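Notes follow once the structure below has been shown.
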Amino acid sequence: MRARVLGTLTIGQAPRPDVVPIVDRYVSAEVRRIHRGVLDGLSHAEIAARYKPEGGEPELVTRLLDGTETVLSRARMKDGVQQALAALEAEGCDAILLLCTGTFAGLACNKAWLIEPDHIIPAMVAGLVEKRQLGVIVPIASQIGSESGKWQPLHRAPIFAAASPYAAADDVLIDAGKQLQRQGAHAVLLDCIGFTERHRQALLPLGLPVILSNAVAAKALSELFGG
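Following the working numbering, the numbering of the sequence shown begins with 14 at its first residue and continues without gaps.
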């Protein structure tokens with residue numbers, strides 16, 4: 014029997030040492046991995062030339078191999094993501110996990126299962142919190158408006174705060190969590206693939222459930238591969 018193949022696709026550069034361990038925790042080691050990034054092999058100047066956002070357009074944020082954070086145009090990134098999906102499928106991937114919680118309309122694979130976190134997380138979290146108030150921490154403030162539409166499955170509109178997962182210290186993240194708690198949040202969702210267990214642990218002293226987006230996506234993915 015041919016070994017099953019999982020592709021992971023980041024909108025940044027692969028591999029993602031912050032995210033891959035979370036996927037590895039939930040997906041069997043017998044599943045072969047192929048890690049790719051839309052920005053693989055590109056310099057900072059080339060990334061800016063292709064994907065730098067222009068005034069007012071929806072933005073995404075990601076991590077590069079050197080650890081730096083970069084902000085990208087969501088509209089222009091969509092074409093790069095679709096091309097990378099086609100390349101991963103050509104390499105024999107049975108399933109491809111998109112390592113981004115941003116929304117992209119119309120992505121598709123021919124045969125491979127495409128796992129888009131923004132299709133999974135809102136519905137799953139809505140079932141968990143039901144009529145309670147959800148607080149969402151996004152990586153950049155501009156996403157509070159541009160990514161808000163995906164939360165329609167919730168019974169109550171979420172409340173938002175912004176903190177980057179790529180900051181060296183957690184002070185801004187903790188302040189964001191406290192802000193949401195003061196506004197009445199009953200649970201906090203970290204709405205960026207770059208948030209890790211370290212960030213969850215930083216917020217647990219608030220006494221609220223803290224949901225990691227990448228863990229939710231990886232657990233759902235594990236069901237396709239049988240754990």
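Beta carbons are placed, not taken as given, at the ideal position from N, Cα and C, and that holds for glycine. Predicted, not measured: the structure shown is a model, and the values here were computed from it.
Cβ shell of residue i (< 6 Å), same chain only, five flanking positions each side left out
i, result
"residue 185", "176"
"residue 23", "29, 50 and 112"
"residue 21", "48, 110 and 112"
"residue 85", "64 and 73"
"residue 174", "150, 189, 192 and 193"
"residue 164", "135 and 171"
Where residue i falls: helix, strand or coil (DSSP)
i, result
"residue 132", "helix"
"residue 42", "coil"
"residue 29", "coil"
"residue 141", "helix"
"residue 180", "coil"
"residue 257", "Not covered by the structure: residue 257. The range shown for the chain is 14 to 240."
"residue 147", "strand"
"residue 50", "strand"
"residue 186", "helix"
Element boundaries [alpha helix (DSSP H), containing residue i]
i, result
"residue 87", "87 to 103"
"residue 109", "Counting along the chain, residue 109 falls outside any alpha helix (DSSP H), though it belongs to the beta strand (DSSP E) covering 108 to 112."
"residue 78", "Run containing residue 78: none; DSSP gives neither H nor E here."
"residue 229", "226 to 237"
"residue 22", "It is not in any alpha helix (DSSP H) - residue 22 instead sits in the beta strand (DSSP E) that spans 18 to 23."
"residue 61", "57 to 64"
"residue 211", "210 to 216"
Spatial neighbours of residue i in its chain, beta-carbon cut-off 7 Å, leaving aside the 5 residues before and after
i, result
"residue 114", "130, 131, 134, 204, 205, 206 and 226"
"residue 138", "147, 202 and 224"
"residue 181", "none"
"residue 229", "133, 134 and 137"
Segment limits, beta strand (DSSP E) that includes residue i
i, result
"residue 200", "200 to 203"
"residue 153", "No beta strand (DSSP E) holds residue 153; DSSP gives it neither H nor E."
Closest by C-alpha distance to residue i, when choosing among the options
i, options, result
"residue 56", "68, 183, 155 and 78", "78"
"residue 83", "52, 100, 191 and 103", "52"
"residue 198", "209, 208, 182 and 169", "169"
"residue 76", "219, 228, 196 and 179", "179"
"residue 101", "121, 232, 181 and 229", "121"
"residue 213", "62, 60, 187 and 231", "187"
"residue 26", "94, 67, 45 and 89", "94"
"residue 16", "44, 181 and 119", "44"
"residue 216", "194, 62 and 231", "194"
"residue 145", "159, 196, 231 and 232", "196"
"residue 166", "158, 140 and 155", "140"
Beta-carbon contacts of residue i that lie in its chain and below 8 Å, excluding the five residues immediately before and after
i, result
"residue 234", "19, 36, 39, 40, 108, 110 and 128"
"residue 239", "41"
"residue 106", "18, 19, 20, 47 and 125"
"residue 237", "108, 126 and 128"
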